[in-house]
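> I am attaching a structure below and will ask some questions about it afterwards.
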Amino acid sequence: MTIAHRLTGLSVARTDGPVLTFDQLGGGGTVVNNVLAIPGHLGGAWNSLEYVRVSPVRDGEVSSVGEHVQGTDEIYFIHRGKGLLTTNDVPSPVGPNFLVIAPKGTRHTMKNTSSDEPLGFLVIELKTPAGGPAHPPSSIESVASLMQESDDFHPARAGGQSVRLRVASVDLSSYFSAPWGRLALIEVPAGGSIDEYVETLYDEDLFVVSGHATIQVANQRFDSDEHGLNVVIPHDVPHRIVNRSEADTLTVLSVLVRTQEANAAS
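If you count by my numbering, then the sequence shown holds residues 841 to 1106, one letter each, in order.
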């Protein structure tokens, strides 16, 4: 018997980016923003979920997201390209797998320093609770460097056998006052899959970093393509992740956000 699940809040998007902006937030050049979900449809603390592409240097013009002060808790996960992040006047070069941790009150800007390719990154913002404690900004130079074989994620299998996944986990709740949960970068081996699982206390954002994924949510199936894939999955909805390739590893970023109901109960 098939069980019907309410999929309110399920949001599926590609990362090819339809909105071109100029001199964004007082910066320079051009930046492409692709909205991956509508916060009002998700409820809870969600404020923004986007994929941003900062254009490469062209004819000496440097493109950037202009300096601004965060009114929310925010993370950037650098997906591709190279750039320069300046946080409270402190510059840091960034590249793939760099994690920017910017609590409310952080002052920062980001520019693309390359003339060869766009600087692409995932942005997630959560609303901060009134009267919440202040936190300093932070960063992790390479989330991928933290990966190790682990049981920290959900059970997986390949070739009909159980396998341990390579996982990097970061507890975002220790950096913010908004209801962040665990961030995990996961590698699924060729031909492998993660068994169906349910998050009861968290909504989950799944972002395909590289590879060929199928994300099965209840009775809905979503395949990644050349335009990428991001899926926001509401709590209490079963889902699984499949590596469609028999040759290449699949890498997926998972970010958990505690639900409004769970916050109220805690």
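Glycine included, every Cβ here is placed at the ideal spot set by N, Cα and C.
Excluding the five sequence neighbours on either side, which residues of its own chain have a C-beta within less than 6 Å of the C-beta of Pro796, listed in chain order?
The displayed coordinates of the chain run from 841 to 1106. Any statement about residue 796 would go beyond what the structure contains.
> Taking the DSSP output, what are the residues bridged to Phe1062?
In the DSSP output, where bridge partners are listed per residue, Phe1062 has Ile1055.
> Taking the alpha-carbon of Val1046 as reference, which of Pro1029, Ser1064, Gly1032 has the nearest alpha-carbon?
Reading the sequence as shown, one finds Leu at residue 1046 and not Val. Considering only alpha carbons, the answer is Ser1064.
> When the Cα of Gly971 is compared with those of Thr953, Leu1093, Lys944, which residue comes out closest?
Of the candidates Thr953, Leu1093, Lys944, the one whose C-alpha sits nearest the C-alpha of Gly971 is Lys944.
> Can you tell me the Cα-Cα spacing of Leu860 and Ser895, whole angstroms?
Looking at the two C-alpha atoms, the distance is approximately 10 Å.
> Please return the same chain residues whose Cβ sits closer than 6 Å to the Cβ of Glu914, not counting the five positions on each side in sequence.
Excluding positions up to five away in sequence, the list reads Ala942, Glu965.
> Give me the Cα-Cα distance between Glu1086 and Glu1027, rounded to the nearest whole angstrom.
Going by the C-alpha atoms only, they are around 14 Å apart.
> Mind the definition here: the region 1056 to 1070 touches the region 1011 to 1025 only if three or more C-beta pairs lie below 8 Å; say whether that holds.
Flag = no, the region 1056 to 1070 and the region 1011 to 1025 do not touch.
> Taking the alpha-carbon of Val902 as reference, which of Thr870, Asn887, Pro879, Val909 has the nearest alpha-carbon?
Selected option, being the one with the closest Cα: Thr870.
> Relative to the C-alpha of Asp1043, which candidate in Phe1016, Arg1022, Gly868, Glu981 has its C-alpha closest?
Nearest C-alpha to Asp1043: Arg1022.
> Quick check on Pro879: does DSSP put it in helix, strand or coil?
In this structure, Pro879 counts as helix in the three-state DSSP scheme.
> Should Ala974 be labelled buried (16 or more other beta-carbon atoms within 10 Å of its own) or exposed?
By the 10 Å Cβ count, Ala974 comes out exposed.
> What are the boundary residues of the beta strand (DSSP E) that Ser1014 is part of?
No beta strand (DSSP E) contains Ser1014, which DSSP labels as neither H nor E.
> What are the partner residues of Val1095, as DSSP defines its beta bridges?
In DSSP, Val1095 forms a bridge with Leu1023, Asp1045.
> Inspect the beta-carbon positions of Ala885 and Pro1019 and report whether they are closer than 8 Å.
Closer than 8 Å, so yes.
> To which residues of the same chain is Gln864 closer than 7 Å at the C-beta, ignoring the five residues directly before and after it?
Correct list, in chain order: Val871, Val905, Gly906.
> In whole angstroms, give me the CA-to-CA distance for His1079 and Arg898.
One C-alpha to the other measures close to 43 Å.
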